[in-house]
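Be aware that the sequence shown starts at 1, since it is given in the numbering used here, and climbs by one per residue.
Taking it in order: structure first as structure tokens, then the write-up.
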Amino acid sequence: MRTKSFLSPRIKSLTRFQRCNHTLGERGLQAELHSEMAPPPNPVIHPIDPSKWKKIQASKVGITNSMISLPSWIVLNNLHRGGFEAYLVGGCVRDLLLNRIPKDFDVITTATLRQVKKKFYRAQIVGRRFPICIVHIKGSVVEVTSFETAAKHDKDKEKGLISLIPKGCDEKDLIRWRDTRKRDFTINSLIFDPFTCNIYDYNNGMSDLKSLKLRTLIPAHVSFRDDCARILRGLRIAARLGLSFSKDTESAMYELSASIEGLDKSRLMLELNYMLSFGAAELSICLLQRFNLLHILLPFQAAYINQQRSAKNSPMLMKLFFNLDKLVSSDHPADSCLWVGLLMFHLALVNNPQDGLVVWTFASVLYHGKWKVGVEFAREQTKVEVKFVPEISGFSETKSDEDLAKEVSQFATLVQDSVWALTETSSLFQSMSRYPSSPCPGLVFVPKKTAKATAKIFDLMVEDIKSFINDRRGESPEINYHLLGKGDPCETRYVLGKIILESMKACPLGDATEIANGEKGFLQPKGIEEILANNQLPLKKDKKRTPSLLNLEAKQGMPKKQKLVDWNRNPSELYTATKKQKMVAKEEFQELSKKHQRVVKACKLSESEISSMQGNISKKEKGHLVNRERAVVKEEMRKNDKKKKA
1 MRTKSFLSPR IKSLTRFQRC NHTLGERGLQ AELHSEMAPP PNPVIHPIDP SKWKKIQASK
61 VGITNSMISL PSWIVLNNLH RGGFEAYLVG GCVRDLLLNR IPKDFDVITT ATLRQVKKKF
121 YRAQIVGRRF PICIVHIKGS VVEVTSFETA AKHDKDKEKG LISLIPKGCD EKDLIRWRDT
181 RKRDFTINSL IFDPFTCNIY DYNNGMSDLK SLKLRTLIPA HVSFRDDCAR ILRGLRIAAR
241 LGLSFSKDTE SAMYELSASI EGLDKSRLML ELNYMLSFGA AELSICLLQR FNLLHILLPF
301 QAAYINQQRS AKNSPMLMKL FFNLDKLVSS DHPADSCLWV GLLMFHLALV NNPQDGLVVW
361 TFASVLYHGK WKVGVEFARE QTKVEVKFVP EISGFSETKS DEDLAKEVSQ FATLVQDSVW
421 ALTETSSLFQ SMSRYPSSPC PGLVFVPKKT AKATAKIFDL MVEDIKSFIN DRRGESPEIN
481 YHLLGKGDPC ETRYVLGKII LESMKACPLG DATEIANGEK GFLQPKGIEE ILANNQLPLK
541 KDKKRTPSLL NLEAKQGMPK KQKLVDWNRN PSELYTATKK QKMVAKEEFQ ELSKKHQRVV
601 KACKLSESEI SSMQGNISKK EKGHLVNRER AVVKEEMRKN DKKKKA
């Protein structure tokens with residue numbers, strides 16, 4: 001199998017687990033259902049198997065404390081010095097094992113949340129049902145949970161488990177195990193102790209991670225009835241990491257997909273933002289479509305994709321998400337305004353097809369930041385005709401600047417107006433009149449605040465486009481991810497323009513001959529959902545870290561020709577096929593970038609330079625990291641003393 005072929009010495013070491021003396025199995029235990037959810041009939045509680053608890057030495061699987069962010073390490077160390085147990089838990093441990101930079105580091109401790117709050121100058125307890133402590137350190141936020149919270153929540157449902165727990169079980173093991181019971185997936189139930197350098201696995205999570213399998217901690221139907229948001233979370237994790245689903249997980253996702261309509265709109269927005277803003281938007285859309293969720297969340301886009309199945313051209317929407325994924329990642333995410341803006345742009349274009357020159361100019365002005373420069377660049381690009389149906393109505397090279405300015409401003413107004421189809425049910429139904437046979441539950445969840453902020457991005461293009469100036473900070477073509485993550489209008493305009501330009505360039509008729517002859521289009525007729533492999537996300541290298549295990553797997557057996565990817569295949573297969581086009585997509589991207597001066601150019605170091613840099617960093621790290629930590633800790637202690645005196 002392909003999953004076996006990529007096993008490096010690091011991942012092979014996962015099979016050499018050190019087993020604890022007192023161990024408990026968790027597979028098969030039933031989670032408590034919320035009162036509003038109907039419980040499953042006679043759930044079976046299996047005896048706890050002591051052999052399923054595992055303890056793994058972190059160094060044997062490539063994890064060191066230097067991989068932990070400084071703010072998180074300060075929180076961990078402060079709690080440890082206070083006499084409390086403190087661990088990293090959840091997705092951050094999973095990502096460290098896969099050699100990825102975690103989106104965030106979640107800490108869990110034996111201290112109560114009030115005790116945690118007292119240990120830090122800027123800390124607050126939030127949440128009622130599942131409270132956590134938010135700790136602010138040096139501009140970063142670290143979330144801290146307490147084992148006490150899990151114990152209180154699980155008190156009633158654990159009464160029936162007492163008789164199943166072997167006598168003599170280690171108390172610390174029991175505390176850790178009890179917390180893992182409320183986790184969603186086995187790969188998210190791993191616990192890392194940075195002070196003993198051990199990883200605790202109570203639910204066979206390491207084995208599932210090694211086989212790239214997403215499995216619920218408890219029976220999938222029970223888990224998703226308990227919290228249907230786990231369906232969206234599972235799809236997001238699978239898209240980001242290239243995981244396949246266990247049979248019961250996949251089956252439950254299909255059967256219970258409609259239940260997400262009952263989620264709060266804020267929760268839906270949160271989950272979709274995680275899908276679209278962190279570098280896995282295209283594959284997330286594919287999985288949402290596959291599991292019959294896209295027509296619930298984004299019905300217009302679902303209907304558009306269904307219509308494209310019978311077309312021979314490549315859908316522009318997927319090109320937009322493909323190019324979005326090239327620019328953002330889990331450690332460099334974008335604000336939701338970016339993907340909302342892309343949806344607005346595309347929705348306006350489908351409902352109001354535009355001349356190719358108008359679209360080129362619209363995107364070019366956003367990107368270049370000035371009307372005159374944008375128009376000059378756009379006129380040069382019309383020499384390469386791009387065919388997107390129904391978005392592009394034709395091409396005209398004879399429009400005067402005056403007429404062009406008028407049409408671009410009118411289109412900008414249409415883009416602004418299209419936002420209401422994402423926020424108002426009546427506007428959504430009106431847009432769906434284009435697809436009368438497509439289902440539309442009428443669910444909208446984009447907050448009006450986000451909608452207004454996104455629409456405001458295009459104000460300058462509506463008011464006086466000839467005087468348009470996008471006043472970015474500095475003239476560097478490199479993206480300022482700090483500003484992009486905050487939703488800065490100038491930075492968002494720039495990135496929007498870049499994404500649209502690259503999407504227009506990605507499908508020139510003159511360069512599409514080989515693809516068209518070899519694959520006959522993006523989506524095949526006869527209902528087979530297939531994606532051109534060159535329309536997939538290329539795996540981004542982390543300049544600070546060695547290639548991930550998934551990257552190593554994808555590099556093996558890399559084909560020379562582009563292939564189609566079937567949406568109905570497992571996410572791991574989709575993911576692998578996606579990554580196989582990394583080099584091809586990269587070369588195309590670099591070639592296209594040369595055509596205009598402000599496209600970001602990748603700056604790469606040689607292997608010897610990287611090794612030298614890593615060596616210098618590792619030598620300095622020991623001294624500087626300690627000094628930084630001491631300085632921050634002293635500052636925290638000084639503030640705490642000041643707080644107590646006050």
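Cβ atoms here follow ideal geometry from the backbone N, Cα and C, with glycine treated the same way.
Taking just the CA atoms, how far does residue j sit from residue i?
i                 : j                 : result
proline 439       : leucine 338       : 26 angstroms
histidine 221     : lysine 52         : 23 angstroms
isoleucine 125    : lysine 117        : 7 angstroms
lysine 265        : glutamate 402     : 43 angstroms
valine 340        : threonine 454     : 7 angstroms
leucine 366       : asparagine 470    : 7 angstroms
arginine 267      : alanine 229       : 8 angstroms
valine 375        : isoleucine 199    : 57 angstroms
leucine 243       : leucine 212       : 5 angstroms
phenylalanine 84  : methionine 253    : 39 angstroms
serine 437        : phenylalanine 300 : 12 angstroms
phenylalanine 377 : serine 364        : 7 angstroms
leucine 605       : glutamate 282     : For leucine 605, the predicted model reports a pLDDT of 37, less than 50, meaning its position is unreliable; a value from the coordinates is still stated below. Using only the alpha carbons, I get a separation of about 29 angstroms.
aspartate 208     : serine 246        : 9 angstroms
glutamine 57      : phenylalanine 195 : 11 angstroms
arginine 81       : isoleucine 74     : 10 angstroms
glycine 485       : arginine 215      : 31 angstroms
alanine 123       : arginine 183      : 25 angstroms
glutamate 478     : arginine 472      : 11 angstroms
valine 142        : glycine 369       : 37 angstroms
leucine 357       : valine 444        : 32 angstroms
cysteine 133      : alanine 280       : 29 angstroms
glutamine 354     : isoleucine 500    : 14 angstroms
leucine 174       : leucine 76        : 21 angstroms
methionine 67     : asparagine 306    : 44 angstroms
histidine 332     : leucine 241       : 16 angstroms
serine 251        : histidine 295     : 19 angstroms
tyrosine 481      : alanine 334       : 7 angstroms
leucine 297       : serine 259        : 12 angstroms
Is any non-hydrogen atom of the ligand COA found closer than 8 angstroms to the C-beta of residue i, if you look at the structure I gave you?
i             : result
glutamate 380 : Absent from the structure shown: the ligand COA. Ligands present: none.
Just to confirm, is the Cβ distance from residue i to residue j under 9 angstroms?
i              : j                 : result
lysine 103     : phenylalanine 278 : yes
leucine 97     : methionine 206    : yes
threonine 649  : alanine 86        : The displayed coordinates of the chain run from 1 to 646. Any statement about residue 649 would go beyond what the structure contains.
lysine 498     : leucine 327       : yes
leucine 483    : glutamate 491     : yes
isoleucine 108 : valine 135        : no
leucine 342    : leucine 320       : yes
isoleucine 218 : tyrosine 202      : no
lysine 119     : asparagine 78     : yes
serine 330     : asparagine 273    : no
arginine 176   : phenylalanine 147 : yes
valine 462     : serine 418        : no
proline 447    : threonine 423     : yes
glutamine 416  : aspartate 459     : yes
Closer than 6 angstroms by C-beta to residue i: which residues in its own chain qualify, once you throw out the five before and the five after it? Chain order, please.
i              : result
asparagine 292 : Ser257
lysine 383     : none
lysine 520     : With a pLDDT of only 28 at lysine 520, under 50, the local geometry of the prediction cannot be trusted, and the value read off the model is given with reservation. Answer for lysine 520: no residue qualifies.
serine 427     : Trp420 and Ala421
glycine 91     : Asn188
From the DSSP output, read off the bridge partner residues of residue i.
i                 : result
phenylalanine 278 : Phenylalanine 278 pairs with nothing; no bridge assigned.
leucine 659       : Any property of residue 659 remains undetermined from this structure, which presents the chain solely from 1 to 646.
aspartate 227     : None, per the DSSP bridge assignment.
threonine 145     : Ile108
threonine 216     : Phe185
isoleucine 134    : Gln124 and Glu143
Who are the near neighbours of residue i in its chain, counting only those whose CB is closer than 7 angstroms to its CB and skipping five residues on each side?
i                 : result
serine 284        : Leu235, Arg236, Ala239, Met275 and Leu276
methionine 316    : His346, Phe388, Glu391 and Ser503
asparagine 352    : Leu414
arginine 233      : Asp184 and Glu271
phenylalanine 105 : Ile68, Ser69, Ser72, Leu88, Cys92 and Val142
So that I know if they touch, is there some Cβ in chain C lying closer than 9 angstroms to that of residue i?
i          : result
alanine 58 : Within the model displayed, chain C is absent; a lone protein chain is all it includes.
Within the same chain, show all residues whose beta-carbon is closer than 8 angstroms to that of residue i, passing over the 5 residues directly before and after it, in chain order.
i              : result
isoleucine 685 : The chain is shown only over 1 to 646; residue 685 falls outside these bounds and no answer can be derived.
alanine 451    : Val340, Val419, Trp420, Leu422 and Thr423
Would you list, in sequence order, the uninterrupted alpha helix (DSSP H) runs of no fewer than 4 residues that lie entirely inside the segment 335 to 375?
You should have 336 to 351 and 356 to 368.
Going residue by residue through the segment 387 to 422, where are the continuous alpha helix (DSSP H) segments of at least 4 residues, counting only ones entirely within it?
Annotation: the segment 387 to 422 contains the following complete segments of the alpha helix (DSSP H) (minimum length 4 residues), in chain order: 401 to 417.
Going along the chain, which unbroken runs of the alpha helix (DSSP H) with 4 or more residues stay wholly within the segment 465 to 496?
Listed in chain order, the alpha helix (DSSP H) elements of length 4 or more contained wholly in the segment 465 to 496 are 481 to 485.
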